[in-house]
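Each protein sequence line maps, in turn, to chains A and B. Read left to right, the first sequence gives residues 5 to 112 (this note's numbering). Read left to right, the second sequence gives residues 1138 to 1377 (this note's numbering). Yeah, the Cβ is synthetic: ideal placement off N, Cα and C, and Gly gets one too. The structure appears right after this line, and notes come after that.
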Amino acid sequence: MDQQTIFLTILGMMAVTYIPRALPVLALARRTLPEPVIRWLGFIPVAVLAAMLVPALVAPEKFLDFSFRNIFLWAAIPTFLVCWKTKSFVGAVVTGMGCVALGRLFFT
Amino acid sequence: MNSATLSTTDPAESPLASAFRQALPIILGYVPVGFAYGVLAQKSGLSALNTLLMSALVYAGSAQLIAVGLFAAAANPLAIVATTFVVNLRHLLMSAALAPYLGRWNKTRLALFAAQMTDETFALHANRFARNETGPAETFGINVIAQSAWVGSTALGLAASTLITDVRPIGLDYALPAMFIGLLLGQLKSRQHLVVAVTAGALSTALMLAGLGQSHVLAATVIAATIGLGVHAWTSRRSS
């Protein structure tokens, strides 16, 4: 594919990414929303984070994998514990990456 | 996670210093992914300029990595744009979730804010705004620092693409899952939130395995948040 076509594709990607990011906040920021809507929106952060994370952990190769070969799943345990106990976000990310690197080194 | 500890506001701290402190986990999460994107884009036939422009203009990690794979496979440009739309449609819900906190911002400010809303800046701002920390200097400081880290690490990946053949041995591909574990932990504010998280995670996985392509995240989020409303109605009726 030539670079000009790639550039035009990137412009298209920009438009379809920006519109869903901007429309709701522009349309809803000044409205007083009904209480159940506010409550529903309050569940969105936790729901969307879990919806993005869980498939990456239990099915990184797009099939359910609870075996010991699934490093992403088992590395989540120390990552979770470090984040919970130390409240250190950086520590959690380093722990997770370290566990995955070591797991691959020794078990694959 | 530590957004609670990280954000104990020190009155002497400047908004920029505070923004940097709060954005630090995002930077750590972005650097390996932006780096990997830079390496992969180079290997997929994108020019250095186009690689950087995508990070600056689209600014959406997973969509960019998917797009690079499609470019490498010489997919139809319209298919690439359509895939990007579906992958990023979840931001519609994130944008709506932050809207109730931003009633005092003018349209220009809101439009600029939306351009830099990613999964990670959204999760951070969702925690901040809930504590009434909606200061524009700090908010835009975080966003500009985060995007600079993204574009900067893309440039690093470009520069190193001839040296690096595989990012997997150093565990770089686990930076974002690890970050999401931390962000999710910070969002588990009540038993209802836990129910929503478990539901969303299970549903999203099931829908993905059922072959729902890229919309499993969106569908699972909407259904789980709605179930959360039901759980709330049920528990408040029982306790009253």
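Of the other Cβ atoms in all chains shown, 16 or more fall within 10 Å of the Cβ of B/F1172; this residue is therefore buried. Under the Cβ criterion (8 Å, minimum of three pairs), the region 1358-1377 of chain B counts as touching the region 1327-1342 of chain B. Note on B/T1245: under 16 other CB atoms within 10 angstroms of its CB, so exposed under the neighbour-count rule. Here B/L1295 really is in contact with B/T1188; their C-beta atoms are around 6 Å apart, less than 8 Å. In this model, A/P82 and A/I75 are separated by some 12 Å (Cα to Cα).
Among the residues facing chain B, A/W88 is included, as its CB has a counterpart in that chain under 9 Å away. At the C-beta level, B/A1283 and B/G1175 stay beyond 9 Å of one another. With distances taken between CA atoms, B/R1227 lies nearest to B/A1197 out of B/I1163, B/A1197 and B/S1181.
At a beta-carbon threshold of 8 Å, the residues of chain B lying near A/W44 are A1362, T1363, G1365 and L1366, ordered along the chain. Between the C-alpha atoms of B/N1243 and B/A1193 there is a straight-line separation of about 24 Å. By the CB criterion at 9 Å, B/A1357 and B/L1366 fall outside the cutoff. Chain order gives no chain A residues near B/T1372, where near means a beta carbon separation below 8 Å; the closest approach is about 12 Å.
Going by DSSP, B/K1180 is part of the alpha helix (DSSP H) stretching over P1152 to K1180. A direct Cα-to-Cα measurement between B/I1164 and B/A1286 gives close to 6 Å. Pairing B/A1204 with A/L45 gives a Cβ-Cβ distance that is not under 9 Å.
Chain-order list of chain A residues neighbouring B/N1187: Q7, I10, F11 and I14, by C-beta distance under 7 Å.
Rounded to whole angstroms, the gap between the alpha carbons of B/K1180 and A/D6 is 14 Å. Taking a contact to require three or more Cβ pairs closer than 8 Å, the region 1259-1272 of chain B and the region 55-64 of chain A do not qualify as touching. Cβ neighbours of B/A1185 within its own chain (closer than 6 Å, five residues either side excluded): L1295.
Distances from the alpha-carbon of A/I23 to those of B/L1230, B/Q1201 and B/N1213 put B/L1230 closest.
Selection B/F1259, B/N1280, B/G1166 and B/L1207 evaluated against B/G1308 yields B/G1166 as nearest (Cα-Cα). Classified as buried, B/Q1324 has 16 or more neighbouring CB atoms from the shown chains inside 10 Å of its CB. Nearest to B/A1252 by C-alpha distance, out of A/G16, A/G102 and A/T21, is A/T21.
Residue-level contact check: A/R108 touches chain B, since one or more beta carbons of chain B fall below 9 Å from its beta carbon. Relative to the Cα of B/A1312, the nearest Cα in the group A/R108, A/V52 and A/V94 belongs to A/V94. For the region 23-34 of chain A, the residues whose beta carbon sits under 9 Å from a beta carbon of chain B are, in order, I23, P24, R25, A26, L27, P28, V29, L30, A31, L32, A33 and R34.
Contact check for B/L1322 against A/F47 fails: the beta carbons are separated by 9 Å or more. In the three-state scheme derived from DSSP, where H, G and I count as helix and E and B as strand, B/Y1196 is classed as coil. Ranked by how close their Cα comes to the Cα of B/F1250, the residues A/A19, A/F67, A/P59 and A/A26 have A/A26 in first place. Taking 9 Å as the threshold, the shortest C-beta distance from A/F70 to chain B does not fall below it. Straight through space, the alpha carbons of B/F1277 and B/A1370 are spaced by roughly 36 Å. Rounded to whole angstroms, B/A1212 and B/V1224 show a C-alpha spacing of 16 Å.
9 Å or more divides the Cβ of B/A1154 from the Cβ of B/I1279. CA-CA distance, B/M1254 to B/A1248, rounds to 10 Å. Chain B has no Cβ within less than 9 Å of the Cβ of A/F111.
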